[in-house]
Structure formats: C-alpha cells, structure tokens
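Novice: Structure provided below as structure tokens; questions to follow.
Numbering (the working numbering), first residue to last: 295 to 504.
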C-alpha cells in the first residue's frame, strides 16, 4: 500500500510578491464589480452592500462609507484571526475604497446606466472572483467576510459562502426601502451568484496555499 505523497509546505506558501499583487488585483476587481452594481441601481450583500445601500441615501461617497462601516469588525479580526490577517484586510478595504473613488473620478463611466439584472449578475461575478482572490491570500474585505471566515474555521460543516448568503439576504431585504422590487430581485440574484462562487471555491482544506 503506497503512502500518500507529502507536499513541502514551503511550496504551498505564497511569496510576499504574490500576496501583494493578488490582494491588489482582487481589490480592483471587487471595486469594479461594485461600481457595475451601482450603475444598475443594485445592491449586494455584506458591508459592501450595506455601504452601497447607505450611499443611495446619504451624501457621502461609497468609498468613505465602506471604510467606516468596516472599522468595528476589525476588533473581531484582531482577536480571532491575528494581526497579519487584520492588517491585510485593512489594506484590502482601503484599496477597494481607493479604486472605487478612482472609477468615479475618471469620468469614463460617467452617466452609465445598466439593466439591473445584467448589472447584478456581472457585478456579482466580478466581486465574487475578487473576494475569492483576497480570501486566498490570508485577507478579507472586512465586515461579514470576517464573521464568515471565523465561523468556517470554528465549525467544520460551515462554509463561508453560505454564512455570507444568509447575512447578505438581510442586507438585500433592506433594499426595499430605497429601490423598487425589480432592483431588489436583481440584487438578490446577484448576492446568490456571488456567494455561490465563494461556497463552491473556498472550502476548508481544498485550497492549501497560505
């Protein structure tokens, strides 16, 4: 009977350059997905969705709201995930806020209006892939991401994507106060798409790079 092949953990560990570039690219992709969602008048889940929701009703930029909403969750991250994860997550949140501001300043997307269902699915796919990249380099986008990752690590049967799906449903329901039912339906579809991407691709033990 042959023994299972062991893998040198040094081969699995990401280099600092890989971490930097992946978090940078992941944050950019997330910010673009959120920008598309906003162009369709949609929201998504998590603190990103909550920030989008608030940006429709308060005269503050999405990037600033997103940064402020995430601050309280970093206390949980420090306690349960350590300083390395917390610092990386803070950088990721700051990058998404920065890139979101850059998208708005370029004027390239000025006046862009998209079909809410197209925007919801396209934005959710981009955001889901970007969040997945950030997750796989010991980081997160704060907020609900932190809660989902902590629960996934504590309980073997819990997947981060499904935890986020439940929490996101609560945020999407809040869209009823600022949007009509087609946009709320589109937002719900987008939230499901994004969290399916995470649930199917980010399982404990499946991806072992660190």
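Glycine is no exception: its CB is placed at the ideal position from the N, C-alpha and C atoms.
Kindly list the residues whose CB is nearer than 7 Å to the CB of residue 298, restricted to its own chain and excluding five residues on each side of it in sequence; keep chain order.
Specialist: As a working mapping, residue 298 is identified with position 4 in the chain shown. Residue placement at residue 298 is poorly supported in this model, since its pLDDT is 46, which falls under 50; the coordinates are not used for a value here.
Novice: From the DSSP output, in three-state form, read off residue 380 for me.
Specialist: Position 86 of the chain shown, counted from the start, is the residue given in the question as residue 380. Residue 380 falls in the helix class under three-state DSSP.
Novice: How many angstroms separate the CA atom of residue 374 from the CA atom of residue 313?
Specialist: Reading the chain shown from its first residue, position 80 is the one you call residue 374. Reading the chain shown from its first residue, position 19 is the one you call residue 313. The alpha-carbon atoms of residue 374 and residue 313 are separated by roughly 21 Å.
Novice: Ignore the nearest five residues each way along the sequence and tell me which others in residue 296's own chain have a CB closer than 7 Å to its CB.
Specialist: Sequence index remark: in the chain shown, residue 296 carries index 2 (1-based). A caution first: residue 296 carries a pLDDT of 42, below 50, which makes its placement in the model unreliable, though a value can still be read off. Once the five neighbours on either side are set aside, residue 296 has no close Cβ partner at all.
Novice: Is residue 364 helix, strand or coil by DSSP?
Specialist: Locating residue 364 in the chain shown gives position 70, where the first residue counts as 1. Reduced to three states, the DSSP call for residue 364 is helix.
Novice: How is residue 303 classed by DSSP in three states: helix, strand or coil?
Specialist: Your numbering for residue 303 matches position 9 in the chain shown. Because residue 303 sits at a pLDDT of 48, beneath the cut-off of 50, its placement in the model cannot be relied upon, and the following sentence gives the value as read from the coordinates. It is helical.
Novice: Is residue 398 closer than 8 Å to residue 328 when the C-beta atoms are compared?
Specialist: Translated into the one-based positions of the chain shown, residue 328 becomes position 34. Translated into the one-based positions of the chain shown, residue 398 becomes position 104. Not in contact: residue 328 and residue 398 (Cβ atoms no closer than 8 Å).
Novice: Cβ of residue 494 versus every heavy atom of the ligand FMN: is any distance shorter than 7 Å?
Specialist: Among the components of this structure there are no ligands whatsoever, and the ligand FMN is therefore not found.
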